[in-house]
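Chemist: Before we start, here is the structure in question, set down as structure tokens.
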Amino acid sequence: TFQDSLLASPIILDLVILTELCQRITFKTESDAEFQTFHSVLSILSFLCKAPLVPEGTPVINAFFRQRSCIENLFRACLGLPCQNHMLLEHKMQKSFVPKKRASTSV
């Protein structure tokens, strides 16, 4: 119906803006010689869709907050900021993650 279309228009606008932004992003790893773009199936758009679509062989993530975190971390990477990791694995290890200082020896 017409009312459903009006309700969907902000989501469609967000899809277009996010898609256009992803088209502008290029990146490369240390082993790559040239910059590359994202896969043509933009799995990050699944955040705004009912059924996620991902490239073949990629795990499907349906969790809302994991999808949102992916987009936030993508924006953080574009700004040169480190990714947010809420696991805090360095605090859950049996041995401390932080290297211990060496005792100074005098000769």
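Going by our numbering, the sequence shown opens with residue 1193, and the numbers climb by one from there. Using N, Cα and C, we set each Cβ at its ideal position, and we do this for glycine too.
#1: Can you list, in chain order, the residues of its chain with a C-beta nearer than 6 angstroms to that of F1227? Leave out the 5 residues immediately preceding and following it.
#2: On the DSSP bridge list, what partners appear for Q1195?
#3: Which residue from S1197, S1232 and R1268 puts its Cα closest to that of E1248?
#4: Quick check on DSSP: helix, strand or coil for Q1259?
#5: As a quick exercise: from T1250, S1197 and C1214, pick the residue whose alpha carbon is nearest that of A1269.
#6: Give me, in chain order, the residues of the same chain whose beta-carbon lies closer than 7 angstroms to that of T1250; leave out the 5 immediate sequence neighbours on both sides.
#7: In or out: Q1276 buried (at least 16 other Cβ within 10 Å) or exposed?
Modeler: In this structure, then:
#1: T1218 and K1220
#2: Paired residue(s): none; Q1195 is not in a bridge.
#3: Here the closest residue by C-alpha is S1232.
#4: helix
#5: Of the candidates T1250, S1197 and C1214, the one whose C-alpha sits nearest the C-alpha of A1269 is C1214.
#6: S1235
#7: exposed
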